[in-house]
Structures are given as C-alpha cells and as structure tokens.
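Undergrad: In our numbering, the protein residues as written are 49 to 316.
Ideal Cβ positions, reconstructed from N, Cα and C, are used throughout, including at glycine.
Sending over a structure as structure tokens; questions will come in a sec.
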Ligand SMILES: [Zn+2]
C-alpha cells in the first residue's frame, strides 16, 4: 500500500450495504517532527524590539466555585522565535498574514543541509552552488516545494550572543548582528528557476545578520513567497519526502506572526 497518504481523506466505499453505513476514514501520518521552538521570555527577537514574548498570569488557582482554572495574557512582536514572514513584510502589495494561502503553507519539503559549508561562519551566505550540489545528489527541486535550509545555527538558539551575534538591545545593536542567511543571488535564482511555495531556515532571518538591504527578503516577498525563520529540528528531516504543515497565527493585516511548523516523515 502506498504510504503517501498525507492528510488524504479516504472514503472507504464498500459498495451498497444498507446494514453497514459507509464509514469515512481519515489517514494521518504517524510520525511527526515538531520544527518549532517553544515561546518564552528568552525567545529571540530583533534587538530593536522594546519587548519580547510576555506571558502574564490572569488567573491560576481554585475558583470560589471549587474548580481549578488558569488563563494567561500574551503579547509579543510579530517577528521573533519560530515565525512566518508574510510577503507584506517587505512588499507593499504582498499578502498580509491572514491572506497567505494554505497552499503556501502546506506541502512537500526539500531540506538542504548546508551545515558543513556554514560551520562556525556567522557571516555565511548560502549560495547557488550548494543548492546545485544538492540537486546533483537528490534531483532538481520540484516547483512548489517548501524549501528549508539547515545551517545548524539552531544549536545556538538558547544562546542569544551566538545566535544573533550580540545580546545587546536597541538600534545600535543591529550592526552587530551575525548569523548565516540566504545569498540574494540564490533567492533570485530560486524564484527564477525553482518557484518555491515557501522558504525557511533555522536562523533568525532569511537575510544574513550583516545584511543592510534585506534583498533576499525583498526578492521572495515580491513573489508572494512566505518565509519561515528560526525553524528547529531540521536535522530530523530527510532531504526529500517530508511534508510540512506551517500554520502561523492568523493576524488580520499582520506582517507575520508566531508559527507552529511541523513535518510528517515519509512513509509514516
Ligand atoms: Zn520575520
């Protein structure tokens, strides 16, 4: 039996059997990988954000009625932690968060591991050459793939200095940002030649930390391609065959937002 039953609604039609009603059956994958960092007070945000993720207790305890109840209030910038960049983030006519089609957020993944090329180089730009090398081994990236780059940088996610290049806050800290990102030449090559559904990576931004013009963001946004940043656990995905489900908070008019991204492993 083929195993690519990804979210396929199977109607088990057994022919007319009035005494046995037709039972719908939904076949879900059995092996999921969570590609999301949990949000908390240490979640990584751009240095110029005045506040980060805040979770305040509204109530936690026994009620006068005798039952337990708890509820929090949360606030956070849109862009931080594992999150989506909606195209409007860098393209005025691009889709806002709630308008990003589900078709852009769910689909087959190509996972390009560039961690060896990156090593400890916090200013590394992921190049066209490594993608071509990946294609020589795994075949051309099919159109409408969700492209995920693994730099290995998520190993530093809990260390603000190593992850961002600086632990300082404020505008003055921005020139001190150092982490790998996508070479704008690669972004252009991808939109011209591979037409990805979405593009993500395991660093805080599609553009590398030292970028001052955010060209990779602009190139992808101009094609209404959403970005996924600070993606986790990409080492657990095969180069091809996984399916990604990336569902950001549906913020009306949002330029992005917190993202829950998971992947179903092939054959599960
Ligand atoms: Zn962002």
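Decide if the stretch 156-167 is in contact with the stretch 196-212; the criterion is three or more beta carbon pairs, one per stretch, under 8 Å apart.
TA: yes
Undergrad: Could you check what DSSP says for residue 263 in three-state terms: helix, strand or coil?
TA: For residue 263, the secondary structure class from DSSP, reduced to helix, strand or coil, is helix.
Undergrad: Which residues in the same chain as residue 208 place their Cβ atom closer than 6 Å to its Cβ, once the five residues preceding and following it in sequence are excluded?
TA: 215
Undergrad: Sorted by chain position, which residues of the same chain lie with C-beta nearer than 6 Å to residue 146's C-beta, five sequence neighbours on each side aside?
TA: Only 298, 300 meet the Cβ criterion.
Undergrad: Whole angstroms are fine: how far does the CA of residue 136 sit from the CA of residue 148?
TA: 10 Å
Undergrad: Under three-state DSSP, which class holds residue 273?
TA: coil
Undergrad: What's the call for residue 49, buried or exposed, on a 16-neighbour Cβ count within 10 Å?
TA: Legend: pLDDT at residue 49 = 40, less than 50; position of this residue unreliable, no value from coordinates given.
Undergrad: Taking its Cβ as the centre, do 16 or more other Cβ atoms sit within 10 Å of residue 282, making it buried, or is it exposed?
TA: buried
Undergrad: Roughly how many angstroms lie between the CA atoms of residue 240 and residue 271, to the nearest whole one?
TA: Cα-Cα distance, rounded: 10 Å.
Undergrad: Is residue 306 buried or exposed, if buried means 16 or more other CB atoms sit within 10 Å of its CB?
TA: buried
Undergrad: Flag this pair as touching only if the stretch 241-251 and the stretch 88-106 have three or more C-beta atom pairs under 8 Å; answer yes or no.
TA: No, because fewer than three Cβ pairs between the stretch 241-251 and the stretch 88-106 fall closer than 8 Å, the two stretches do not touch.
Undergrad: Please return the same chain residues whose Cβ sits closer than 8 Å to the Cβ of residue 233, not counting the five positions on each side in sequence.
TA: Taken in chain order, the residues that qualify are 175, 176.
Undergrad: Would DSSP call residue 216 helix, strand or coil?
TA: coil
Undergrad: Suppose the cutoff is 6 Å on Cβ atoms and the five residues either side in sequence are ignored; what does the same chain contact list for residue 123 look like?
TA: 102
Undergrad: Taking the alpha helix (DSSP H) that residue 186 falls in, what are its first and last residues?
TA: 176-186
Undergrad: Is residue 137 near ligand 1, judged by its Cβ being under 7 Å from some heavy atom?
TA: Residue 137 has its Cβ nearer than 7 Å to a heavy atom of ligand 1.
Undergrad: Rounded to the nearest angstrom, what separates residue 119 and residue 169 at their Cα positions?
TA: 43 Å
Undergrad: Would residue 172 and residue 125 qualify as a contact pair, given that the criterion is a beta-carbon distance under 8 Å?
TA: no
Undergrad: Count the other CB atoms within 10 Å of the CB of residue 249; is the residue buried (16 or more) or exposed (fewer)?
TA: buried
Undergrad: Less than 8 Å between the beta carbons of residue 144 and residue 157, yes or no?
TA: no
Undergrad: Return the Cβ separation of residue 258 and residue 225 in integer angstroms, given the expectation that the two are a contact with Cβ distance under 8 Å.
TA: 7 Å
Undergrad: Could you spell out the range, first to last residue, of the beta strand (DSSP E) harbouring residue 108?
TA: 102-110
Undergrad: Under 7 Å Cβ to Cβ from residue 82, same chain only, skipping five residues before and after it: list those, please.
TA: Around residue 82: 281, 310.
Undergrad: Beta carbon of residue 85: closer than 7 Å to some heavy atom of ligand 1?
TA: no
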